[in-house]
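For the sequence shown, the tail end lands on 87 under this note's numbering, and the numbers increase by one without skipping.
Here a beta-carbon is modelled for each residue, glycine too, at the ideal position from N, C-alpha and C.
Treat the numbers as computed from the prediction; the structure is a model and nothing was measured.
Quick notes on the structure that follows.
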Amino acid sequence: MPKFVEQLLPKSTLDQFKYEIAKEIGILPKIENGYWGDVTAEECGKVGGEIGGKMVKAMIKRAETMLINKYNI
């Protein structure tokens with residue numbers, strides 16, 4: 015996780031954010047008690063995509079929305 019993101023949000027918020035995105039892209043049922051080992055790289059989007067994949071794109075989109083709302087851009 016980039017340092018600037020860690021400075022903006024506490025770890026618990028980042029974890030919650032990660033699980034919300036996992037739910038949005040449909041991989042949450044594969045995650046049990048914090049164990050992500052059953053989720054494939056393809057499902058998270060680690061391979062493919064200009065930025066990195068579904069998970070990263072969804073997190074960036076959500077962060078952009080949060081910043082827009084916070085600063086009324």
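Member of the options whose CA lies at the smallest distance from the CA of residue i
i: A55; options: I41, N47, T27 and G48; result: I41
i: I39; options: V53, E78, M80 and K84; result: V53
Local Cβ density within 10 Å of residue i, reported as buried at 16 or more and exposed below that
i: I35; result: buried
Cβ separation of residue i and residue j, assumed to be a contact under 8 Å, to the nearest whole Å
i: C58; j: M69; result: 5 Å
Where the alpha helix (DSSP H) containing residue i begins and where it ends
i: I82; result: K68 to Y85
i: E56; result: A55 to C58
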